[in-house]
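Residue numbers (my numbering), protein chains in the order written: chain E, 1 to 399; chain H, 1001 to 1496.
Glycine included, C-beta positions come from ideal geometry on N, C-alpha and C.
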Ligand code: SF4
Ligand code: SF4
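If you want it as structure tokens, here you go:
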């Protein structure tokens, strides 16, 4: 079922959002509005709208950055103190958003005036949002250090969606609340063209630089401007038909662009990149029984994108002879663990899992030993096959 | 120089009888739809009074209009907020009037009169809210303080009274000295509109050809900053469609050569409409002048349509000959520029409003001299019943001299006419009075004719209009009048 929930539904939602949003914009622009009800009720609104919007906007950005700039995010969290601060800020914003959302919901129930301008879709949307932020807050509070492991678990799944080579398996190992949170997010995206959510895409940033005064000339002589207040033709004139055709074509094209790779995935659900040997570096200078983090560049091929990505591995030269190469991802929830030279063990900062130099678990919630990677040595140079494994489960399953 | 044309207006307050015909005409055409019940694009206020919405003039509360900025006109800012702040406040506009600052619109449960079950008492139609549909108590309405009703509460709170001393205020509300007059208000179609400047979406615009300020209903996203930005509170929020709406100066009527409905229907014939030519390059500088120079600065922007240099430049700037002809016949030009009889309302808001008022020459406190009711031997000796400072606060940013000059002219024309029609005033003396007021006999005659005798053609010189391109001539613009408003041809629904 994973491909349905975590690949088909997301793509369906995105197709609906893009095509529906464009169709609604061109066919019924009048209905694009934030539908503010401040005129009718402005006491509770302040306590609802302001915390909600600020809280949720920043949190949304925090969800998006790790998808597109994972290394930046990892770097930001590399220091435990910084990570703690991020976690605290995130939790506070989450609670703020919930507080605001609850105020907004109560307001629409308790104020007769606000209730009078609340549509059925408003209620659907409010319910969906409440579920979403509640699940989000639960995850934040009960699965600690999500700001860190997110970048190794759900973010790669999201990135795979945007790269058009979806990997639903990346998310199936996560707890059900996380999976619900992910699924509901796409349900909300699918609701986009049918609710007031469309106002998100009309945020008027150009106000920052446009001239204060707007003058529009209707006639010839000066450069003509946009349309007036008036309505658009209702009957089927030739121009009306042309307009409709253009609208359909536009939204259709947008839908197809999103739908094709999604369909391709459903018909032919195969990971698109194979395993290759990557050159890591010289093993000559490696010390004995002291793990070293080595990084290397690897060519990755996903959908239309070919790019070099940077990976790192822990390499140990064993006193007994031979080497061990560990994936740097904690098998618990996917954080980057570290070698502690003083205690002579690996330790994960997120949930405190501890591993021996051989990768065995000696403390913490990790369900299995550190993941080893296949390697070979040629003329003193180390080659590694980069792979990822599902986190959070006792078995080592390739993703 | 960059010459533009502006459809401008003059309201002659001495002639307004406060009948509200104008408001009703407007409402029947434009705001009889759900969501707009509470809007009065044209409203008539009693002054002193708090107005509609309550205390709209109090910019400490609503922050409408512009700050002056530098003297050369740069760095002008909205009083409301800076640009970044405008975006930051988008989730909650702290300066937005609430519906109760206007009033909650209501109707009556008329159906109950016929549907009520049999009972011992007669059924009554109770007030029901037009927003919620539920029963309500009527606690405010349009013109709640009409004709000084409840003056201890409403008129006493008039922000313009701040210009008076306590003693003057006391006298103003004593029975023998009481005075009031009406101020009909519509959108001023300002040439430096703050509503346009405040709209984050850029949905409000000024039409280039005639200067009418409109809200594009397709671009408006309900950010509601225009409502706060306009110091006259002449943009309203349609709570049903989630769009701002405002007076459109009946441009569809004007496009077919008719005067706007409120002008057309005005019982007191107080309204004049015509084109003014002005220099758009001077807007920034003129609106940045110290408060008391604003009236003359605005007058300075208005150009003489008879000046060949002006007409030459106007043609270069794309105005056609018909527009220039219309500007020459404009009654507004005469009142505002030629005779300097009309003033903008609250020029200190710095939006350069293009609706001008001839201030009311309320009954002069007169003396009876030798059995004759006389306003003083030199006709200026009488004490004005309306405190000069009060009128100056309304129409001249506190500069009483502007009002005084106009009062002199208005009295002089009356004296001159009395000398002619009744003949109990020496013609020489009358001309002396005219001269002292700075008027020629010809000007006095013209003022008299335009004020007292003018017909439709003289009062409303509707310039040739450029039709909005999207208006489909073949469709009936009234088709969706009841739900979407005149001119909207498509059904509008709150679908989602
Ligand atoms: S009166 Fe208000 S709404 Fe009308 S143009 Fe001026 S600022 Fe805009
Ligand atoms: S119709 Fe004319 S006279 Fe009557 S209230 Fe309106 S402006 Fe005044």
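Cutoff 8 Å: residue i Cβ touching any chain H Cβ
i: residue 116/E; result: yes
i: residue 215/E; result: yes
i: residue 192/E; result: no
i: residue 227/E; result: Below a pLDDT of 50, predicted positions are generally treated as unreliable, and residue 227/E, at 33, falls in that range; no measurement from the model is reported.
i: residue 250/E; result: no
i: residue 42/E; result: yes
i: residue 101/E; result: no
Closer than 8 Å to chain E by CB, residue i
i: residue 1235/H; result: no
i: residue 1068/H; result: no
i: residue 1476/H; result: no
i: residue 1036/H; result: no
i: residue 1093/H; result: yes
i: residue 1218/H; result: yes
i: residue 1278/H; result: no
i: residue 1201/H; result: yes
i: residue 1096/H; result: yes
i: residue 1087/H; result: yes
i: residue 1224/H; result: yes
i: residue 1381/H; result: In this prediction, residue 1381/H scores a pLDDT of 49, lower than 50, which makes its location untrustworthy; the coordinate-derived value is nonetheless stated afterwards. Chain E contact via Cβ: absent.
i: residue 1239/H; result: yes
i: residue 1139/H; result: no
Residue i in three-state terms, based on DSSP
i: residue 1078/H; result: strand
i: residue 1001/H; result: coil
i: residue 393/E; result: coil
i: residue 1394/H; result: helix
i: residue 1089/H; result: helix
i: residue 1119/H; result: coil
i: residue 278/E; result: strand
i: residue 1457/H; result: helix
i: residue 1025/H; result: helix
i: residue 66/E; result: helix
i: residue 117/E; result: coil
i: residue 257/E; result: helix
i: residue 1011/H; result: strand
i: residue 1343/H; result: strand
i: residue 145/E; result: coil
i: residue 329/E; result: strand
Nearest-angstrom beta carbon gap, residue j and residue i [assumed within contact, 8 Å]
i: residue 1033/H; j: residue 1482/H; result: 6 Å
i: residue 1354/H; j: residue 1195/H; result: Rounded, the Cβ-Cβ distance is 14 Å, inconsistent with contact.
i: residue 1002/H; j: residue 1317/H; result: 6 Å
i: residue 1229/H; j: residue 1008/H; result: Residue 1229/H to residue 1008/H, Cβ: 21 Å. No contact.
i: residue 125/E; j: residue 105/E; result: So it is not a contact: roughly 11 Å between Cβ atoms.
Start-end ranges of the alpha helix (DSSP H) lying completely within the region 1121-1203 of chain H, minimum 4 residues:
1166-1172, 1194-1198
Spell out a yes or no on whether the region 1418-1427 of chain H and the region 1302-1315 of chain H are touching, meaning 3 or more CB-CB pairs, one atom from each, closer than 8 Å.
no
Does the region 1189-1206 of chain H touch the region 201-217 of chain E, meaning 3 or more C-beta pairs lie closer than 8 Å?
yes
Would you mind listing the beta strand (DSSP E) stretches within the region 347-379 of chain E that are 3+ residues and don't spill past its ends, in chain order?
361-363, 375-378
Count Cβ pairs between the region 373-386 of chain E and the region 1179-1193 of chain H that sit closer than 8 Å; are there 3 or more?
no
Decide if the region 1439-1446 of chain H is in contact with the region 1400-1413 of chain H; the criterion is three or more beta carbon pairs, one per stretch, under 8 Å apart.
yes
Unbroken stretches of the alpha helix (DSSP H), 4 residues or longer, contained in the region 156-196 of chain E
169-172, 176-191
Do the region 103-113 of chain E and the region 70-77 of chain E make contact, defined as three or more Cβ pairs closer than 8 Å?
no
Whole beta strand (DSSP E) elements within the region 1260-1337 of chain H, 3-residue minimum
1271-1279
Between the region 1263-1270 of chain H and the region 1010-1026 of chain H, do three or more beta carbon pairs fall short of 8 Å?
yes
Counting beta carbon pairs with one atom in the region 349-357 of chain E and one in the region 324-334 of chain E, are three or more of them shorter than 8 Å?
yes
Decide yes or no for the touch test of the region 27-43 of chain E against the region 1084-1098 of chain H: beta carbon pairs closer than 8 Å, at least 3 of them.
yes
Secondary structure, alpha helix (DSSP H): runs of 4+ residues fully inside the region 1385-1439 of chain H
1388-1395, 1400-1421, 1427-1437
For the region 1339-1358 of chain H against the region 1294-1305 of chain H, are there 3 or more C-beta pairs whose distance is under 8 Å?
yes
Should the region 1115-1128 of chain H be called in touch with the region 1152-1168 of chain H, which here means at least 3 C-beta pairs below 8 Å?
no
Should the region 56-71 of chain E be regarded as contacting the region 16-33 of chain E, the criterion being three or more beta carbon pairs within less than 8 Å?
no
Quick test of the definition: if touching needs 3 or more C-beta pairs under 8 Å, does the region 1274-1290 of chain H touch the region 140-152 of chain E?
no
Touching or not, the region 1041-1054 of chain H and the region 1139-1148 of chain H, by the rule of three or more beta carbon pairs under 8 Å?
yes
Is it true that the region 141-150 of chain E meets the region 84-94 of chain E, where meeting means three or more beta-carbon pairs spaced less than 8 Å apart?
yes
Across the region 1235-1252 of chain H and the region 383-392 of chain E, are there enough close Cβ pairs to call them in contact, namely three or more that are closer than 8 Å?
no
Answer yes if the region 190-199 of chain E comes into contact with the region 120-140 of chain E, meaning at least three C-beta pairs across the two stretches below 8 Å, and no otherwise.
yes
Tell me whether the region 1052-1068 of chain H and the region 1076-1091 of chain H touch, counting them as touching only if at least three CB pairs, one residue from each stretch, are closer than 8 Å.
yes
Would you check if there are 3 or more beta carbon pairs closer than 8 Å linking the region 1387-1406 of chain H to the region 1160-1171 of chain H?
yes
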